[in-house]
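Engineer: If you read the sequence shown in the numbering used here, its first letter stands for residue 121, the second for the next number, and so on. Backbone N, C-alpha and C fix where the C-beta goes; we use that ideal spot for every residue, glycine too.
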Amino acid sequence: MNDDNTNHKMNNIETIKNRMLGCLYGQAIGDALGLGSEFMSKDEVSKNYPGGLKSYNQIVQDAHRRRWAKGAWTDDTDMMLCILEAFENGTFNISRVASNFKDWFNGNPMGIGSHTFKVLSVDDYVVQPEMSSRLWWELSRKQSAANGALMRTSVVGLAKSDIEEQAEDICKLTHYDPRCVGSCAIAASIIHHLVWHDRQLSYDEIKDIAQRYDERISEWIDAAYNSHDISMLDLDESFTIGYTLRTLSAALWCYWHSTSFEEGLLAVVNEGGDADTNGAVACAILGAKFGYRSIPEYYIANLLNREVYNNKITSLI
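1. In or out: residue 187 buried (at least 16 other Cβ within 10 Å) or exposed?
2. Using the C-alpha atoms, what's the distance from residue 247 back to residue 368?
3. Measuring straight from C-alpha to C-alpha, what distance separates residue 150 and residue 362?
4. Report yes or no: do the stretch 291-309 and the stretch 384-399 share at least 3 C-beta pairs separated by less than 8 Å?
5. Distance check for residue 316 and residue 326, CA to CA, integer angstroms please.
6. At 4 residues or longer, what runs of the alpha helix (DSSP H) sit wholly inside the stretch 246-298?
7. Over what stretch of residues does the alpha helix (DSSP H) that includes residue 194 continue unbroken?
8. Let me confirm a value: residue 121 is counted as buried when at least 16 other C-beta atoms fall within 10 Å, else exposed. Which label applies?
9. For residue 386, I'd like the list of residues in its chain whose CB is within less than 8 Å of its CB, leaving aside the five on either flank, ordered along the chain.
10. Determine the contact status of residue 371 and residue 405, defining contact as a CB-CB distance below 7 Å.
11. Is the distance from the Cβ of residue 260 to the Cβ of residue 239 below 7 Å?
12. Tell me which residue opens and which closes the alpha helix (DSSP H) that residue 434 is part of.
13. Thinking C-beta only, is residue 197 closer than 7 Å to residue 269?
14. Check this for me: beta carbons of residue 162 and residue 392, under 7 Å apart or not?
15. Determine whether the beta carbon atoms of residue 426 and residue 314 lie at a separation below 7 Å.
16. For residue 159, does the three-state DSSP call read helix, strand or coil?
17. Can you list, in chain order, the residues of its chain with a C-beta nearer than 7 Å to that of residue 135? Leave out the 5 residues immediately preceding and following it.
18. Under the three-state reduction of DSSP, which class applies to residue 211: helix, strand or coil?
19. Apart from the five residues just before and just after residue 305, which ones in its own chain have a Cβ nearer than 7 Å to its Cβ?
20. With burial defined as no fewer than 16 other Cβ atoms inside 10 Å of the residue's Cβ, what is the status of residue 351: buried or exposed?
21. Thinking residue 77 and residue 410 are a contact (beta carbons under 8 Å), I'd like their distance in whole angstroms, please.
22. Taking the beta carbon of residue 434 as the centre, do at least 16 other beta carbons fall within 10 Å, making it buried, or is it exposed?
23. Could you give the distance in angstroms between the alpha-carbon of residue 293 and the alpha-carbon of residue 308?
24. According to the neighbour-count rule (16 or more other Cβ atoms, all chains shown, within 10 Å of its Cβ), is residue 210 buried or exposed?
Below you can see the structure in the form of structure tokens.
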């Protein structure tokens, strides 16, 4: 009996580790491959990648993409690592997250979103991060709801408790809008339940979370749930590619409709739009759902700076 209990516990630990690694590698892989179609329309994706974008080596070297080596992750995963490195005693040190964001910003990172740039450029940001975030949101007439917080939130779901609260606090360090906060709470909660409870949050449970934040989130959840094809989400819609709810819908579509990690990865990056962010969020969830061992070896082995990344993320696991 004791042996059975020990084996069960060991299997459970391995399952948790497999899902954690899947989540964090999924984030970086979706980000790195998604760069290949970022800011393209779906037609442009088809022209640049006639058989579909499937590998880092295919990534076209135009003025935007040649700034990164093939297989490199972008600002999405950089900022996720800023959060990961502030994990202390089972929780995230919010002040340290803000300090890490500012240090990263001071290094003149590539690809930073305009809203995040404005917030982090405030001189005393580290002293009053949430106030800086709220200020820029109010200056946008409370319209700014970009995906710059959602893109980095996957790691928050790996904490053992207080997921929504931590997702809220970390989101508001740069993005104050309730649509952003709700998006982060949903993504982190999905990942948390997959990793720690070996269970998928249902449509109704996700809708319940959305209702706690902003009623505008619900229609995007419905679109993801009811669309039989990801193209119905119009991820390349030119004026709103960076909208947090569009990215959330892409991730939810993959969560509900993809039958494997690779299927979801290729579906989302070949839609264009803000493909590195859509890929990062969707594939973090897919990695948590299907596990690290489900990810094709090519995507892991050819991720640039894989050893550096592995050392950083295994400190959490």
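Structural biologist: Considering the structure as presented:
1. As a first step, residue 187 must be located in the sequence shown, where it is residue number 67. Counting Cβ neighbours within 10 Å, residue 187 comes out exposed, since fewer than 16 surround it.
2. Sequence index remark: in the sequence shown, residue 368 carries index 248 (1-based). Sequence index remark: in the sequence shown, residue 247 carries index 127 (1-based). If you take the alpha carbons of residue 368 and residue 247, they lie about 30 Å apart.
3. Along the sequence shown, read from residue 1 onward, the residue named residue 150 stands at position 30. Along the sequence shown, read from residue 1 onward, the residue named residue 362 stands at position 242. Roughly 16 Å between the two C-alpha positions.
4. no
5. For the purposes of this step, residue 326 is taken as the residue at position 206 of the sequence shown. For the purposes of this step, residue 316 is taken as the residue at position 196 of the sequence shown. Those two C-alpha atoms are separated by around 17 Å.
6. 249-259 and 283-291
7. Start at 1 with the first residue of the sequence shown, and residue 194 comes out as number 74. Looking at the DSSP string, residue 194 is not in any alpha helix (DSSP H), and its letter there is neither H nor E.
8. For this step, residue 121 is matched to residue 1 along the sequence shown. With a pLDDT of only 45 at residue 121, under the threshold of 50, the placement of this residue in the model should not be trusted; the figure read from the coordinates follows. Under this definition residue 121 is an exposed residue.
9. What you label residue 386 is simply residue 266 of the sequence shown in a count that begins at 1. Correct list, in chain order: 172, 173 and 174.
10. Position 251 of the sequence shown, counted from the first residue, corresponds to residue 371. Position 285 of the sequence shown, counted from the first residue, corresponds to residue 405. Yes, the Cβ-Cβ distance between residue 371 and residue 405 is below 7 Å.
11. Position 140 of the sequence shown, counting from 1, holds the residue named residue 260. Position 119 of the sequence shown, counting from 1, holds the residue named residue 239. No.
12. As a position in the sequence shown, residue 434 is number 314, starting the count at 1. From DSSP, the alpha helix (DSSP H) with residue 434 extends over 426-434.
13. Numbered from its first residue, the sequence shown carries residue 269 at position 149. Numbered from its first residue, the sequence shown carries residue 197 at position 77. In this structure, residue 197 does not lie closer than 7 Å to residue 269 by Cβ.
14. Translated into positions along the sequence shown, residue 162 becomes position 42. Translated into positions along the sequence shown, residue 392 becomes position 272. Yes, they are a contact pair.
15. Residue mapping note: residue 426 aligns to position 306 of the sequence shown, counting from 1. Residue mapping note: residue 314 aligns to position 194 of the sequence shown, counting from 1. Contact flag unset, no.
16. Here residue 159 corresponds to residue number 39 of the sequence shown, with the count starting at 1. Residue state, collapsed to three classes: coil.
17. The residue labelled residue 135 in the question sits at position 15 within the sequence shown. Hits under 7 Å: 318.
18. As a position in the sequence shown, residue 211 is number 91, starting the count at 1. In this structure, residue 211 counts as strand in the three-state DSSP scheme.
19. For this step, residue 305 is matched to residue 185 along the sequence shown. Taken in chain order, the residues that qualify are 284, 287, 288, 329 and 333.
20. One-based indexing of the sequence shown puts residue 351 at position 231. Per the 10 Å Cβ criterion, exposed.
21. Lying before the first or after the last residue shown, residue 77 is absent from the chain, which here runs from 121 to 437.
22. The sequence position of residue 434 within the sequence shown is 314, counting from 1. Exposed: under 16 other Cβ atoms inside 10 Å.
23. Numbered from its first residue, the sequence shown carries residue 293 at position 173. Numbered from its first residue, the sequence shown carries residue 308 at position 188. So the alpha carbons of these two residues sit roughly 16 Å apart.
24. The residue labelled residue 210 in the question sits at position 90 within the sequence shown. Residue 210 is exposed by the Cβ-count criterion.
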